[in-house]
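Remarks on the structure that follows.
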Amino acid sequence: MTIALADDVIERLQRLEEAEETLRAIRSGEIDAVVVESPAGERVFTLSSADHAYRNLIEAAQQGAATLTSDGTVSYCNRAFAAFFDRTQWDIAGTRVTSLLPFNQQHLFESLLGRSQTQNGQGEFLLESAEGAVQTIHIALTPMLLGNHPAICLIVTDITKQKEHQDLQDSNRRKDEFLAMLAHELRNPLAPISNAIAILNHLMKGDDKVAYVSDIIDRQTRHLSRLVDDLLDVSRISLGKIKLQKERVDLATIIARAAEISTPLLNARKHQLTVQMPPTTLFLEADGTRLAQVISNLLTNAAKYTDEGGSIFLSTAIDGDEVVIRVLDSGMGISAELLPQIFDLFIQGDRSLARSEGGLGIGLTLVRRLVELHGGTVKAASDGLGCGSEFTVRLPAFPPETTSHETAANSNSSDKGPSRQIMVVDDNKDAATTIGMLINLLGHEVTIANSSLEALELAKTTQFQAVFLDIGLPGMNGHQLARCLRALPDYRNTLLVAMTGYGQEEDINRSIDAGFNHHCVKPIELQRLSSLLQLFPTPL
Amino acid sequence: MTANSEDTDPKSDIWELRLYVAGQTAKSVAAFKNLQRICEDHLTGKYKIEVVDLLTNPLMAREDRIVAIPTLVRKSPSPSLKIVGDLSNTEHVLLRLQLQPMSQITDRKEDQREGHSGS
Numbered sequence: 009m010t011i012a013l014a015d016d017v018i019e020r021l022q023r024l025e026e027a028e029e030t031l032r033a034i035r036s037g038e039i040d041a042v043v044v045e046s047p048a049g050e051r052v053f054t055l056s057s058a059d060h061a062y063r064n065l066i067e068a069a070q071q072g073a074a075t076l077t078s079d080g081t082v083s084y085c086n087r088a089f090a091a092f093f094d095r096t097q098w099d100i101a102g103t104r105v106t107s108l109l110p111f112n113q114q115h116l117f118e119s120l121l122g123r124s125q126t127q128n129g130q131g132e133f134l135l136e137s138a139e140g141a142v143q144t145i146h147i148a149l150t151p152m153l154l155g156n157h158p159a160i161c162l163i164v165t166d167i168t169k170q171k172e173h174q175d176l177q178d179s180n181r182r183k184d185e186f187l188a189m190l191a192h193e194l195r196n197p198l199a200p201i202s203n204a205i206a207i208l209n210h211l212m213k214g215d216d217k218v219a220y221v222s223d224i225i226d227r228q229t230r231h232l233s234r235l236v237d238d239l240l241d242v243s244r245i246s247l248g249k250i251k252l253q254k255e256r257v258d259l260a261t262i263i264a265r266a267a268e269i270s271t272p273l274l275n276a277r278k279h280q281l282t283v284q285m286p287p288t289t290l291f292l293e294a295d296g297t298r299l300a301q302v303i304s305n306l307l308t309n310a311a312k313y314t315d316e317g318g319s320i321f322l323s324t325a326i327d328g329d330e331v332v333i334r335v336l337d338s339g340m341g342i343s344a345e346l347l348p349q350i351f352d353l354f355i356q357g358d359r360s361l362a363r364s365e366g367g368l369g370i371g372l373t374l375v376r377r378l379v380e381l382h383g384g385t386v387k388a389a390s391d392g393l394g395c396g397s398e399f400t401v402r403l404p405a406f407p408p409e410t411t412s413h414e415t416a417a418n419s420n421s422s423d424k425g426p427s428r429q430i431m432v433v434d435d436n437k438d439a440a441t442t443i444g445m446l447i448n449l450l451g452h453e454v455t456i457a458n459s460s461l462e463a464l465e466l467a468k469t470t471q472f473q474a475v476f477l478d479i480g481l482p483g484m485n486g487h488q489l490a491r492c493l494r495a496l497p498d499y500r501n502t503l504l505v506a507m508t509g510y511g512q513e514e515d516i517n518r519s520i521d522a523g524f525n526h527h528c529v530k531p532i533e534l535q536r537l538s539s540l541l542q543l544f545p546t547p548l
Numbered sequence: 438m439t440a441n442s443e444d445t446d447p448k449s450d451i452w453e454l455r456l457y458v459a460g461q462t463a464k465s466v467a468a469f470k471n472l473q474r475i476c477e478d479h480l481t482g483k484y485k486i487e488v489v490d491l492l493t494n495p496l497m498a499r500e501d502r503i504v505a506i507p508t509l510v511r512k513s514p515s516p517s518l519k520i521v522g523d524l525s526n527t528e529h530v531l532l533r534l535q536l537q538p539m540s541q542i543t544d545r546k547e548d549q550r551e552g553h554s555g556s
């Protein structure tokens, strides 16, 4: 009796032990087949075919994967997971994930774990290897059920590279923003300087020494303005902020403007510029200022890379529904290696000849970008070094129309017209005074206001025919002031000109919305001022 | 070599081992290789391995109440005992087969436990 009982106990203990052993083997992943008893007899089911694909997938993954109990203990992990923590899979099973992380990251993980019992959670953590290399990892936790028990699926990804890339992108963007701000800040003092030179020139006419010195200041200021403008443009391009103010423009006007911009450099290098205008008037749907910039950049580029006394040809033609503008030079040409990247940012040819003209290597980048914004293309061609270069711009043509009142009516008039009453509003007294003096030089009477309120008061007592407004006025800004002026019956048709450091599309649109006729980016040159003042709306 | 002489059948010094497999599954093959290696290392010249393929003869599972494959059954020396799995954890196999001196076994156990909690 007792022996039988003892045998029974031993038998039961043995079975229990076997069951434990079986469980251990299953947990360790040491079995790949099971025997199932059925009425028809024992059947063997191999597990390899069933979970082979999943297991291989998980084991081959670069991401670390683990299943955790709800308190964050690893019940299973793949090889990659173990590798993240420099352990073996055996080592890690039964360990709390928290203890695998550096001390300063543990609190963060615990709170993530707490949140991830019922919902997906993710976070970034820093691991430091024994050699001191820091690795950024992303951990995603997903609640799930293992059998009937709540568990958590953990996926860990190495994002060190992405993080570095992101950091680089961020700092690149900050650099672009800084450049944009820098350029904008640099431009502000340039306006009064160039105004002052114009005044000086006018006042000291005939004095050779003054003329010589002011010529230097003038050239250098223009150079500086151009660099600053390019810098501003290129940073806007990098930030994707450049937008066009498109309207119907006459190509001849644009080319004339571009030639005018490039004339100082062309003259300085004693180049001969030959312009072949289109036989008929060609209209484009374009941003006139930007298009002039494109052409003048091409002319400037040709002037820089051509030996003194060279020839530059600018020709225009119509080809199907495209306007073709070609700039050809007899200069140093472009090597076959450089040709494919000639439009890339900061790419420059050998500048030993052109060093004195400087530049940042962004002119052609601007050209391509601006042409593309216009829906056109630009191509560079050269037979090699010493063979000259040819740049071809193709732009969609605007269907020809006969009525072109404004451009046609005003392009040829060069007389100053009658004297007018003009008000300049700018809280920067230097800027206001110098602009005022320039306008004065053009033969008009100028009144200066240094605040919006002062301007409004003056506007009520004097009927001005034109008002030049700074946008960045303290208190009531230029836009608000323009609206107030337009609301006055006497100022409905008055010429209102906005003056600002900002020339982006949204700025221009805001000015137009506010009722301005023109939006000028500082510094405003004498010629621009003169042509603006010729565009007076005809008096009622 | 055999640590436990009390239960060893004095008539025969030969270990009779039976390995239950299911065809050529990876774990079955691994278990066979591991078993051979362990026997060569610890039971040189006094063991016999019988491999039972349950895919060809599933009813054989009944005799030793096999539920998972691979499973090793020590038929002799008695008492018979089972080790489930691919026998890749050599220490575990030796421990169960009691193929090591007790002192060493105790040390090993402590090592293992320490290794675990320390990680």
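Residue numbers (my numbering), protein chains in the order written: chain A, 9 to 548; chain B, 438 to 556. Each residue gets a CB set at the ideal place from its N, CA and C atoms; glycine is no exception. Here the structure is a predicted model, which is why all the values come from computation and not from measurement.
Asked                                                                                                                                                          : Found
Can you list, in chain order, the residues of its chain whose CB lies under 6 Å from that of Val218/A, leaving out five sequence neighbours each side?         : Met212
Any contact of the stretch 281 to 294 of chain A with the stretch 310 to 329 of chain A, i.e. 3+ C-beta pairs under 8 Å?                                       : yes
Apart from the five residues on each side of it in sequence, which residues of its chain come closer than 7 Å, Cβ to Cβ, to Phe406/A?                          : Arg256, Phe291, Leu292 and Glu293
Report yes if the CB atom of Ile567/B is closer than 8 Å to the CB atom of Arg533/B, and no otherwise.                                                         : Since the displayed chain B opens at 438 and closes at 556, residue 567/B lies outside it and no answer follows.
For a quick check, are the C-beta atoms of Pro531/A and Ala199/A less than 8 Å apart?                                                                          : yes
Could you compute how far the alpha carbon of His146/A sits from the alpha carbon of Gln170/A?                                                                 : 11 Å
Assuming Glu132/A contacts Thr144/A under a Cβ cut-off of 8 Å, what Cβ separation, rounded to an integer in Å, is found between them?                          : 6 Å
For Val529/A and Phe476/A, which I take to be in contact (beta-carbon distance under 8 Å), what is that distance rounded to the nearest angstrom?              : That belief does not hold up - the Cβ atoms of Val529/A and Phe476/A are roughly 13 Å apart, past 8 Å.
Which of the three DSSP states is assigned to Tyr84/A in this structure?                                                                                       : strand
If you reduce the DSSP assignment to three classes, tell me which class Glu330/A lands in.                                                                     : strand
Any Cβ of chain B within less than 8 Å of the Cβ of Val242/A?                                                                                                  : no
In the structure shown, what three-state DSSP assignment does Ala33/A receive?                                                                                 : helix
Pull the bridge partners of Tyr457/B from the DSSP assignment, please.                                                                                         : Val489/B and Thr508/B
Excluding the 5 residues flanking Arg277/A on each side, which residues of the same chain have their C-beta closer than 6 Å to its C-beta?                     : Ala311 and Glu316
State the beta-bridge partners of Met507/A as determined by DSSP.                                                                                              : Asp478/A and Cys528/A
State the beta-bridge partners of Tyr484/B as determined by DSSP.                                                                                              : Trp452/B
Please classify Leu24/A as buried or exposed, where buried requires at least 16 other C-beta atoms within 10 Å of its C-beta.                                  : exposed
In chain A, what lies closer than 7 Å to Lys519/B by C-beta?                                                                                                   : Glu26 and Glu29
Starting from the beta carbon of Thr81/A, find every residue of chain B whose beta carbon is closer than 9 Å, and list them in chain order.                    : Ordered by position in chain B, no residue passes the 9 Å Cβ test against Thr81/A, which lies about 12 Å from the chain.
Any C-beta of chain B sitting closer than 8 Å to the C-beta of Val52/A?                                                                                        : yes
List the residues of chain B whose Cβ lies closer than 7 Å to the Cβ of Asp94/A, in chain order.                                                               : Result: empty, since nearest Cβ-Cβ is about 11 Å, beyond 7 Å.
Find the nearest neighbour of Gln189/A within the set Ile167/A, Gly214/A, Ile100/A and Leu239/A, judged by alpha-carbon distance.                              : The sequence as given places Met at residue 189/A; Gln does not occur at that position. It is Leu239/A.
At the level of alpha carbons, what is the spacing between Ala159/A and Ser78/A?                                                                               : 5 Å
Can you find at least 3 beta carbon pairs, one from the stretch 169 to 187 of chain A and one from the stretch 95 to 109 of chain A, that sit closer than 8 Å? : no
In whole angstroms, give me the CA-to-CA distance for Ser465/B and Pro514/B.                                                                                   : 23 Å
Is the shortest distance between the beta-carbon of Arg499/B and the beta-carbons of chain A less than 8 Å?                                                    : yes
Let's test the definition: count the other Cβ atoms within 10 Å of the Cβ of Gln113/A and tell me whether it reaches 16, buried, or not, exposed.              : buried
Residues of the stretch 111 to 129 of chain A with a CB closer than 8 Å to any CB of chain B: list them in chain order, please.                                : none
Please tell me whether Val504/B has its Cβ less than 8 Å away from any Cβ of chain A.                                                                          : yes
List the DSSP bridge partners of Ser397/A.                                                                                                                     : Asp337/A
Can you name the residues of chain A whose CB is closer than 7 Å to the CB of Lys483/B?                                                                        : Near Lys483/B there are no residues of chain A at all, since even the closest Cβ is about 24 Å away, more than 7 Å.
Tell me whether Gly339/A is buried or exposed, calling it buried when 16 or more other Cβ atoms sit within 10 Å of its Cβ.                                     : buried
If we cut at 8 Å on Cβ distances, does Ser513/B have a partner in chain A?                                                                                     : no
Against Leu492/B, what residues of chain A qualify as contacts under a CB-to-CB distance less than 7 Å, listed in chain order?                                 : Val52
Got a sec: is the Cβ-Cβ distance from Lys464/B to anything in chain A below 8 Å?                                                                               : yes
Following the continuous alpha helix (DSSP H) through Ile263/A, name the residue where it begins and the one where it ends.                                    : Leu259 to Ala276
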